[in-house]
Amino acid sequence: MTQPLYSRMYLTAYDTSAHDLYDRTRTGFLLRAAVLAELAIRGHLAESGGDVTVATPGPTGDPVLDLTLDRVAGDRRGWKSWIKHDRKETLLAVEDRLAAQGVLAVEDKKSFGRTRRAVTVRDASAVTSLQATAAGLLHGAEPAARIAPADAALVALAVAGGIRSVVSRAEAHARKHRVEELTARLDAVAPGLGKAIGGLGMTMVAAQGGMGGA
13 MTQPLYSRMY LTAYDTSAHD LYDRTRTGFL LRAAVLAELA IRGHLAESGG DVTVATPGPT
73 GDPVLDLTLD RVAGDRRGWK SWIKHDRKET LLAVEDRLAA QGVLAVEDKK SFGRTRRAVT
133 VRDASAVTSL QATAAGLLHG AEPAARIAPA DAALVALAVA GGIRSVVSRA EAHARKHRVE
193 ELTARLDAVA PGLGKAIGGL GMTMVAAQGG MGGA
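Just so we're aligned, residue 13 is where the sequence shown starts under our numbering, counting upward by one.
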């Protein structure tokens with residue numbers, strides 16, 4: 013069974029050397045986008061008048077996907093707004109799901125009155141394999157039109173998140189056209205989704221700088 017896009021995104025964003033995510037805040041954004049993209053690819057989400065709408069009601073059988081699908085059914089927002097919304101909740105939901113599946117070990121540690129979540133991937137080779145696959149798609153010569161939308165989304169999100177094991181800043185600039193081609197695969201799934209993911213880098217910078225990150 014193919015792993016959900018959000019699972020692959022989480023593992024791709026994991027730093028095996030540090031035994032932690034590269035950046036928890038950025039990973040929250042990436043996971044929200046991955047969940048929305050997967051729901052759109054599966055035909056559950058569409059766009060109408062600039063708002064994301066439910067095209068096919070759930071349940072999907074996946075608790076992480078159903079959590080977001082239920083939220084979308086009860087509110088009207090655009091892709092960019094949904095990517096920013098509930099991202100912390102999504103991050104925790106993904107970690108709990110992966111822990112239940114035995115992919116991840118999760119421990120909430122208290123220090124100086126604050127709780128920090130420690131996460132450890134049980135199979136580091138699964139992480140490096142996914143990161144290598146994403147890097148291969150980024151640098152490969154296979155036409156973007158032949159790459160599955162979920163795979164294209166994984167690469168585009170890895171680049172947007174600045175995941176160093178997949179792409180350096182210099183490589184991201186050099187492969188800008190390739191990234192744009194891969195991102196465009198998502199616009200074929202749902203108009204506006206590719207644009208939102210293409211601008212995710214700036215969205216994260218603004219949010220982390222205190223401008224519209226709620």
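C-beta atoms are modelled at their ideal positions from N, C-alpha and C, and glycine is treated no differently.
Tell me whether the segment 124 to 138 and the segment 152 to 168 touch, counting them as touching only if at least three CB pairs, one residue from each stretch, are closer than 8 Å.
no
Looking only at C-alpha atoms, which of Ala182, Arg54, His185 and Thr28 sits nearest to Pro16?
Closest option to Pro16, Cα to Cα, is Arg54.
When you compare the CB positions of Ile175 and Thr24, do they come within less than 8 Å of one another, or not?
yes
Opposite Glu59 in the DSSP bridges: which residues?
Val64
Excluding sequence positions up to five away, which residues of its chain have a Cβ less than 7 Å from the Cβ of Gly114?
Around Gly114: Arg134.
Quick one: what's got a C-beta closer than 8 Å to Leu57's C-beta in the same chain, skipping five residues either side?
Leu48, Leu51, Val64, Thr65, Val66, Ala67, Leu81, Val84 and Ala202
Compute the beta-carbon to beta-carbon distance between Val139 and Thr28, rounded to the nearest angstrom, for a pair I have assumed lies under 8 Å.
5 Å
In chain order, which beta strand (DSSP E) runs of at least 3 residues are fully inside the segment 107 to 140?
116 to 123 and 126 to 133
How many whole angstroms separate the CB atoms of Tyr22 and Leu77, which I take to be in contact at a CB cut-off of 8 Å?
Not a contact, Cβ separation roughly 14 Å.
From Thr72 to Arg89, what distance separates their C-alpha atoms?
21 Å
Give me whichever residues DSSP pairs with Asp27 in a beta bridge.
BP columns for Asp27 point to Asp32.
Pull up the CB-CB distance for Thr195 and Lys92, whole angstroms please, since I reckon it's below 8 Å.
In fact, because the Cβ distance is near 14 Å, the residues do not count as touching under 8 Å.
If you count every other CB in all the chains shown that lies within 10 Å of the CB of Gln143, and 16 or more means buried, which is it?
buried
Which same chain residues, not among the five before or five after Thr37, have their C-beta less than 7 Å away from its C-beta?
Gln220
Between the CA atoms of Thr102 and Pro75 - distance to the nearest angstrom:
11 Å
Would you tell me roughly how many angstroms separate the C-alpha atoms of Glu193 and Gly125, rounded to the nearest one?
47 Å
By Cβ distance, which residues of its chain are closer than 7 Å to Leu79, with the 5 residues on each side in sequence left out?
Ala105
What first and last residue would you give for the alpha helix (DSSP H) that runs through Gly70?
Run containing Gly70: none; DSSP gives neither H nor E here.
Kindly provide the ranges of any alpha helix (DSSP H) runs that are 4 or more residues long and lie completely inside the segment 168 to 199, ordered along the chain.
Qualifying alpha helix (DSSP H) stretches, in chain order: 181 to 186 and 188 to 199.
Going by beta-carbon coordinates alone, are Ala165 and Leu198 separated by less than 8 Å?
yes
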